[in-house]
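Novice: For the sequence shown, the working numbering gives the first residue as 84, with consecutive numbering after it.
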Amino acid sequence: IDIQTNGEKWQAGLFSGYTKNLGAKGEISGPIYSRVETMDHLVRIAPRFIFNAGKVRLAQEIELTSAAYGPVDSRGRVNGLRTVTNLRLLAAVYYFF
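#1: I'd like to know if the stretch 85-94 and the stretch 108-118 are in contact, where contact means that at least 3 CB-CB pairs between them fall below 8 Å.
#2: Spatial neighbours of K138 within its chain, please: CB distance less than 7 Å, with the 5 preceding and 5 following residues excluded, ordered by chain position.
#3: Rounded C-beta distance between R142 and I128? I'm assuming under 8 Å.
#4: For the beta strand (DSSP E) holding S99, just list the boundary residues, first then last.
#5: Cα separation between T148 and L170?
#6: Mind checking who P130 pairs with in its DSSP beta bridge?
#7: I need the straight-line Cα distance from A175 to N135, nearest angstrom please.
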């Protein structure tokens, strides 16, 4: 979900997302093709603030991402979770001409 205000000088926004590996109903007999089959779930929250001044825009975003990993069972479900969290700060300066 991504929402943002549309003010002329100040804008604020929020991105949030969640995904989960639900596994399969029965046992998986063949190989598993996945980008990260050992990931159980992923959560991301990223608020941002934008300041517009004429042809210049200053933007800042804080991104918090958390993922839970573990071994995969015969149904493709992840067990014995270990959580890893990352905090990233982003800043940008735009000049529109």
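All residues carry an ideal CB built from backbone N, CA and C; glycine is no exception.
Specialist: Put simply:
#1: no
#2: The answer, listed in chain order, is Y178, F179 and F180.
#3: For the record, residue 142 in the displayed sequence is Ala; it is not Arg. Approximately 17 Å separates the beta-carbon atoms of A142 and I128; this is outside 8 Å, ruling out the contact.
#4: W93 to K103
#5: 7 Å
#6: The partner list for P130 (beta bridge, DSSP) reads L97.
#7: A175 and N135 have their C-alpha atoms spaced approximately 12 Å apart.
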